[in-house]
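> Structure incoming, see below.
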């Protein structure tokens, strides 16, 4: 990467979030011609589902840092998409833009096999899936630890109340104190559950957005370059 270029993290973010400020890219020569069709490879073209969900900024930052650290050496999917982005203002059709980007990418990156784009993109998808599995495991453990303990406290105090209700009137004060504690702990349960579930939902939406975007790029690469 040239020292004059912005960080790879900013580049990665710009592929997925359209309103990231960027400096104007140099306009490629109009003489760039689309590369001839490549020999099809034995991979199924999968159309990724569309998503209209909003992303969570903290998870956007998380995934950008994750992808930045995982950026593979040499020219790959991310460098190709950077070339694509530099052509976005030329008014080319999507197919022509992919073909022109591939022609430029081959020249600058020294890459001749389109499968490198698909394979490296799939590696990033797998890395995101692994991160998702780890996140969900931690989230479930947090629910079990925090909410589970609170639920046990509620059950214990309810059992105490049942026993004390059968005792003499002197224990009424203790029953009332426990009822007050139950109300507070129940509120804590709802609050903790809502926070964790909202966090899980934000992660899932952001994860799906990143994965769907990469899968969409994979499909377009296959659709436009692997004919």
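Numbering (our numbering), first residue to last: 1312 to 1538.
Where a beta carbon is used, it is the ideal one built from N, C-alpha and C, also for glycine.
Quick caveat: nothing in here was measured; it's all calculated off a predicted structure.
Hey, which unbroken runs of the alpha helix (DSSP H) at 4 residues or more fall wholly within the region 1446–1513?
Listed in chain order, they are 1459–1476.
> On the three-pair Cβ rule with 8 Å, is the region 1419–1431 touching the region 1518–1525?
Taking 8 Å as the limit for Cβ pairs, the verdict is that the region 1518–1525 does not touch the region 1419–1431.
> Output the distance between the C-alpha atoms of residue 1480 and residue 1469, rounded to the nearest integer angstrom.
Taking the straight line joining both Cα atoms gives about 18 Å.
> For the alpha helix (DSSP H) containing residue 1372, list its first residue and its last residue.
Note, residue 1372: alpha helix (DSSP H), 1368–1381.
> How far does the alpha helix (DSSP H) with residue 1397 in it extend, from its first residue to its last?
Start and end: 1388–1397.
> Alpha carbon to alpha carbon, how far is residue 1467 from residue 1503?
Each residue's alpha carbon lies about 19 Å from the other.
> Starting from the C-beta of residue 1314, find all residues in its chain whose C-beta is less than 8 Å away, skip the five residues before and the five after it, and write them out in chain order.
Annotation note: pLDDT 40 at residue 1314 (below 50); position unreliable, coordinate value reported separately. Cβ neighbours of residue 1314 beyond the five flanking positions: none.
> Taking residue 1498 as the reference, which of 1383, 1457 and 1437 has the closest Cα?
Answer by Cα proximity: 1457.
> Looking at the structure shown, is residue 1528 part of a helix, part of a strand, or coil, going by DSSP?
Helix.
> Leaving out the 5 sequence neighbours to the left and right, which residues in its chain are closer than 7 Å to residue 1476 when beta-carbon positions are compared?
Excluding sequence neighbours, residue 1476 sits near 1486.
> Do residue 1415 and residue 1394 have their CB atoms nearer than 7 Å?
Yes. Within cutoff.
> Identify whether residue 1365 lies in helix, strand or coil by the three-state DSSP scheme.
Residue 1365 falls in the coil class under three-state DSSP.
> Among 1390, 1439, 1379 and 1396, which residue has its Cα nearest to the Cα of residue 1421?
Considering only alpha carbons, the answer is 1390.
> Once DSSP output is grouped into helix, strand and coil, what is the label at residue 1427?
In the structure shown, residue 1427 sits in a helix (DSSP, three-state: H, G or I).
> Between residue 1452 and residue 1511, is the Cβ-Cβ spacing less than 7 Å?
Cβ distance not < 7 Å, so residue 1452 and residue 1511 don't count as in contact.
> Count the other CB atoms, across all protein chains shown, that sit within 10 Å of the CB of residue 1392; report buried if there are 16 or more and exposed otherwise.
Buried is the call here.
> By Cβ distance below 8 Å, which residues in the same chain neighbour residue 1377 in space, the five residues on each side in sequence not counted?
Taken in chain order, the residues that qualify are 1438, 1439 and 1442.
> Using beta-carbon positions only, say whether residue 1379 and residue 1535 come within less than 7 Å of one another.
It is not a contact, given that the beta carbons lie outside the stated cut-off.
> Please report the straight-line C-alpha distance between residue 1401 and residue 1515, rounded to a whole angstrom.
Those two C-alpha atoms are separated by around 34 Å.
> With distances taken Cα to Cα, identify the nearest neighbour of residue 1367 among 1513, 1489 and 1526.
The residue with the shortest Cα to Cα distance from residue 1367 is 1513.
> Round the Cβ separation of residue 1461 and residue 1496 to the nearest angstrom and send it over; I've been treating them as touching at under 8 Å.
About 5 Å separates the two Cβ atoms, so the contact holds.
> Report buried or exposed for residue 1410, applying the criterion of at least 16 other Cβ atoms within 10 angstroms of its Cβ.
With 16 or more other Cβ atoms within 10 Å, it is buried.
> For residue 1387, is the classification buried or exposed, using 16 other Cβ atoms within 10 angstroms of its Cβ as the cut-off for buried?
Burial call: buried.
> For residue 1348 and residue 1365, I'd like the C-alpha separation in whole angstroms.
Any reading at residue 1348 is ruled out, since the residue's pLDDT is 40, under 50, leaving its predicted position unreliable.
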